[in-house]
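Trainee: Heads up, the sequence shown is in this note's numbering, so the first residue is 259 and it goes up one at a time. Note that beta-carbon positions come from the ideal geometry of N, C-alpha and C, so glycine has one too.
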Amino acid sequence: QAWHDSLTIDEQEVVKWAGMPPRNAHFHGHGRMLVCGYQGKIVIPYYDDAGNVVDMRTRSISDKDTAGAKRIRYTSPRGNMAERGAIVPYGVQFLKGNRLVVTEGEFKAAAASVLAGVPTVGLRGVNDWHDNYLQFMRGRLNILAFDNDAPKLGRMTAGQIATIELGRKLTAHGIDVMVL
Numbered sequence: 259q260a261w262h263d264s265l266t267i268d269e270q271e272v273v274k275w276a277g278m279p280p281r282n283a284h285f286h287g288h289g290r291m292l293v294c295g296y297q298g299k300i301v302i303p304y305y306d307d308a309g310n311v312v313d314m315r316t317r318s319i320s321d322k323d324t325a326g327a328k329r330i331r332y333t334s335p336r337g338n339m340a341e342r343g344a345i346v347p348y349g350v351q352f353l354k355g356n357r358l359v360v361t362e363g364e365f366k367a368a369a370a371s372v373l374a375g376v377p378t379v380g381l382r383g384v385n386d387w388h389d390n391y392l393q394f395m396r397g398r399l400n401i402l403a404f405d406n407d408a409p410k411l412g413r414m415t416a417g418q419i420a421t422i423e424l425g426r427k428l429t430a431h432g433i434d435v436m437v438l
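Structure, rendered in structure tokens:
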């Protein structure tokens, strides 16, 4: 309760607009995340298995959101999203059929699912993983399509490394994998 009461009236309106239940200690930190920095944030909800919003991230659309000289693109409350109940990958609500694309990022998942009709889940980054994700990947051909960023270790990119690691993890669980 104290977190909600410490917000200004305008900040409390933003929290209400975002659909966050006021005075729910589970969402401590989310209200400030929504109202800090410059205006223009896209709210990305995360759901539990029952379809309830349990966590969220924001993506700034302003180049003025910075910390020092570095632009802040995504914000999340401190701590582990899985501990807050976000153990379902972004985009599960779009899953149909026996194929699934796994990509890096919520926007790529939403674009592929909504605009192209390709069932896609988006991980929050190449290191985002929770064993609960396996239940959504079983019985489907999982097509891995991670970013091809600049190489980090030797000649391999973070996306290439993640593709190998996730591919091995899925095949170890008997899940079919294909790489784009």
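Helix, strand or coil for Lys366? Go by DSSP, reduced to three states.
Mentor: helix
Trainee: Using the C-alpha atoms, what's the distance from Leu402 back to Leu358?
Mentor: 9 angstroms
Trainee: Does Lys328 pass the burial test, meaning 16 or more other C-beta atoms within 10 Å, or should it be called exposed?
Mentor: exposed
Trainee: On the criterion of 16 or more Cβ atoms from any shown chain inside 10 Å, does Asp268 qualify as buried, or is it exposed?
Mentor: exposed
Trainee: Judging by CA-CA distance, which residue of Asn356, Met314, Phe352, Gln351 is the nearest neighbour of Met339?
Mentor: Met314
Trainee: Within 10 Å of its beta-carbon, does Thr333 have 16 or more other beta-carbons around it, so buried, or fewer, so exposed?
Mentor: buried
Trainee: I'd like to check one pair, Asn400 with Val435: are the Cβ atoms closer than 8 angstroms?
Mentor: yes
Trainee: With which residues is Ser318 paired in a DSSP beta bridge?
Mentor: Paired residues: Lys299.
Trainee: In terms of residues, what are the limits of the alpha helix (DSSP H) holding Leu392?
Mentor: It spans 392 to 395 - the alpha helix (DSSP H) in which Leu392 sits, taken as one unbroken run.
Trainee: Is it buried or exposed, Asp407, if we count other Cβ atoms within 10 angstroms and call 16 or more buried?
Mentor: exposed
Trainee: Applying the 10 Å Cβ sphere with the 16-neighbour rule, what's the burial state of Glu341?
Mentor: exposed
Trainee: Do the CB positions of Phe394 and Leu353 come within less than 8 angstroms of each other?
Mentor: In contact: Phe394 and Leu353 (Cβ atoms closer than 8 angstroms).
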